[in-house]
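Just so we're aligned, residue 310 is where the sequence shown starts under our numbering, counting upward by one.
Report on the following structure.
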Amino acid sequence: MEIGERLAKVRKEQGYKQKDIADKLNVSQQVISNIERNASSPDINVLRGLADLYGMSLDELIARQVTPREENGIEQKIMNIIEKLDDTGKELSLSLVDQVAQHQGKQ
């Protein structure tokens, strides 16, 4: 779904007409129409105004998908093991990793 389609969907879910949004943001209805048809891109001020009006964050408004940072294999294996530990095990692991980092001069 493109940004314009997403903005139109949210507007309709919130019960607004294009004219209502245009009036609240001090832009023309044509601006809102162009954005929703993907004929033009919304500027950041319009996006902020819409997010405020709808009570959403910018990420929620544009349905931004945050992709997790890719981990290398060793880091991922360490994280998988640590996730399975109880709090005491996690504290011991942190202490051990901290000691290794200090030994390598990276702390």
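Backbone N, C-alpha and C fix where the C-beta goes; we use that ideal spot for every residue, glycine too.
**Report entry** The alpha helix (DSSP H) enclosing Glu369, as first and last residue numbers
**Finding:** Note, Glu369: alpha helix (DSSP H), 367-371.
Query - Buried or exposed (CB count within 10 angstroms, at least 16 for buried), Gly426 - result: There is no way to answer for residue 426, as the model of the chain reaches only from 310 to 416.
Query raised in the report: Considering only the beta carbon of each residue, do Glu345 and Leu370 sit closer than 7 Å?
Result: No, these two residues do not count as a Cβ contact at 7 Å.
Query raised in the report: Does DSSP put Leu394 in a helix, in a strand, or in coil?
Result: In the structure shown, Leu394 sits in coil (DSSP, three-state: anything other than H, G, I, E or B).
Report task. May I ask you to report which of helix, strand or coil DSSP gives Ser263? Result -> This structure cannot settle anything about residue 263, because the visible part of the chain is limited to 310 through 416.
Report task. Compute the beta-carbon to beta-carbon distance between Lys333 and Leu356, rounded to the nearest angstrom, for a pair I have assumed lies under 8 Å. Result -> Cβ-Cβ separation between Lys333 and Leu356: approximately 14 Å, too far for a contact (criterion under 8 Å).
Query raised in the report: Grouping DSSP H, G and I as helix and E and B as strand, with all else coil, what is Gln279?
Result: The first residue shown for the chain is 310 and the last is 416, placing residue 279 beyond what the model contains.
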